[in-house]
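Asker: First residue of the sequence shown? That's 76 in the numbering used here, and the numbers climb one at a time after it.
Ideal placement from N, C-alpha and C gives every residue a C-beta, glycine not left out.
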Amino acid sequence: MKWIVIGAALAAAAAAFPARADTPLVGIVSISATEANNARYIVGAKAAAKEIGWDVSVIDAAGSADQANAAIQNFAQRGSAAIVDMVFPYSSIGAGLQAAKSANIPVVTWGGGLGSSVAATNGSGGPMVVPVNELMLKTMGGKGSILALTYHTGEVCRNREVELDKALAANPDIKVTKNEVRIPGYFEDGAQYANAWLASHPAGQENLAIWGCWDDPAIGAIGSLRAQGRDDVKVYGVNGNAQALENIKNGFMTATAWQDSYTEGYNMIKLLPEIRKAGADWTPKAVEVPAVLVTKDTIDDFIAKHPDAMK
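1) Would you call the region 329-341 and the region 304-319 in contact, with 3 or more CB pairs under 8 Å?
2) Output needed for A84: all residues of its chain with C-beta closer than 7 Å, excluding positions within five of it in sequence on either side, in chain order.
3) List in chain order: all unbroken beta strand (DSSP E) runs of 3+ residues lying wholly within the region 244-279.
4) Please classify N112 as buried or exposed, where buried requires at least 16 other C-beta atoms within 10 Å of its C-beta.
5) Give every residue of the same chain whose Cβ lies closer than 6 Å to the Cβ of G198, excluding the five residues on either side of it in the sequence, and list them in chain order.
6) Assign H227 to buried or exposed, taking buried as 16 or more other Cβ atoms, counted over all protein chains shown, within 10 Å of its Cβ.
7) Taking the alpha helix (DSSP H) that N149 belongs to, which residues open and close that run?
8) Over what stretch of residues does the beta strand (DSSP E) that includes A293 continue unbroken?
9) Name, in chain order, the residues that DSSP records as bridge partners for G219.
10) Here's the rule: buried if 16 or more other CB atoms are within 10 angstroms of the residue's CB, otherwise exposed. What is A358?
11) Mind checking K309: buried by the 16 CB within 10 Å criterion, or exposed?
12) Taking the straight line between their C-alpha atoms, what separation do you get for K213 and T370?
13) Report the option in A140, V364, D375, N282 whose CA atom is closest to the CA atom of G200.
14) Where are the alpha helix (DSSP H) runs, 4 residues long or more, that stay fully inside the region 283-370, in chain order?
15) How would you write the range of the beta strand (DSSP E) that V118 sits in, first residue to last?
16) Just the C-alpha distance for G265 and A330, rounded to the nearest angstrom, thanks.
17) When DSSP labels each residue in this structure, what does T225 get in the three-state scheme?
18) For D376, I'd like the list of residues in its chain whose CB is within less than 7 Å of its CB, leaving aside the five on either flank, ordered along the chain.
19) At a cut-off of 8 Å, would you count N113 as near the ligand ATP, judging by its Cβ distance to the nearest heavy atom?
20) First and last residue of the alpha helix (DSSP H) that includes L172?
21) Can you give the beta carbon distance from T252 to L222, rounded, assuming they're within the 8 Å contact cut?
22) Going by DSSP in three states, A242 sits in which element: helix, strand or coil?
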């Protein structure tokens, strides 16, 4: 099948970048394709790709930067029209970026940051967690203990941890225990770390909170809280996946920041023809979608406005 030009934007793009023999392919490299927020992004990306006449191929790197680099190199060898890096920091995918650059293929990131040869980004982790941090620290009144469930392979969680550290700097009477979860294995790790932390933090002694750099480790911790009958610990997450929203509705999670990852994926793919059209004249930029803080006080209104978020 010959290259099919979809509209004027793609016609101009073909002049700026080498034409592909087949329908344009966007290669997506996910840090965890089955994780709810990643999955929503991919669905949005596929919807946009269908509209512009591109094909989509997804490789799950399973939390491995080495696998992510190999996947990007694979897409470069396949002559992809563009490549999406999901969550891996641009600094950890240097080999992949070089392969794409050598093949004149633009790379964009979701939460991987803007740097090196990256053309565009969204889903940046830092700003989304700020309202969650503010609510948590306000609720604690400047005193107590936090279990922070972190993850350092992903840029999103790194940035969220930086924001947590900034907020805690102004609250010296709050003690923090940090444990890093794995991908895969984040539910189990969240539960295991919570069990150990709860053993040394009995109820009724101080303000307690569990903070997840995204929802799923915190949801794993909720399992331990429920098993032990501990309702004295506030639980905070980020991303706002359906399971987190259900936990807020049922009173097991305190708050999350809902990330509209479907729209992020959709918007980024729709931007790709413009990036290809501009070629070397493209100026890298962030195209962020604001997050929404969801608590027990706002959950019903949120669901009414965003019913698809519960699916």
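Answerer: Checking against the coordinates, here is how it stands:
1) Touching, per the Cβ criterion.
2) In this prediction, A84 scores a pLDDT of 34, lower than 50, which makes its location untrustworthy; the coordinate-derived value is nonetheless stated afterwards. Closer than 7 Å at Cβ, skipping near neighbours: P348, E349, K352.
3) Within the region 244-279, the runs of beta strand (DSSP E) that reach at least 3 residues and sit entirely inside it are, in chain order, 249-255.
4) The residue in question, N112, is buried, as its Cβ has 16 or more Cβ neighbours within 10 Å.
5) Excluding positions up to five away in sequence, the list reads W185, G186, E339.
6) Burial call: exposed.
7) In the DSSP annotation of this structure, the continuous segment of the alpha helix (DSSP H) that includes N149 starts and ends at 140-152.
8) Premise fails: A293 lies in the alpha helix (DSSP H), 290-302, not in any beta strand (DSSP E).
9) Answer is I249.
10) One point to set straight first is that residue 358 is Thr, not Ala, in the sequence displayed. With fewer than 16 Cβ atoms within 10 Å of its Cβ, T358 is classed as exposed.
11) Flag for K309 reads buried.
12) Cα-Cα distance, rounded: 14 Å.
13) The option with the nearest alpha carbon to G200 is V364.
14) Counting only runs of 4 or more residues that sit fully inside the region 283-370, the alpha helix (DSSP H) segments are 290-302, 317-324, 336-353, in chain order.
15) From DSSP, V118 is part of no beta strand (DSSP E) but of the alpha helix (DSSP H) over 111-127.
16) Each residue's alpha carbon lies about 17 Å from the other.
17) T225 falls in the strand class under three-state DSSP.
18) Shown here for D376: not one same chain residue has a beta carbon closer than 7 Å to its own, the five before and five after excluded.
19) Because no ligand of any kind appears in the structure shown, any question about the ligand ATP cannot be addressed here.
20) Looking at the DSSP string, the run of the alpha helix (DSSP H) that includes L172 is 169-177.
21) In this structure T252 is in contact with L222, their Cβ atoms being roughly 5 Å apart against a cut-off of 8 Å.
22) Helix.
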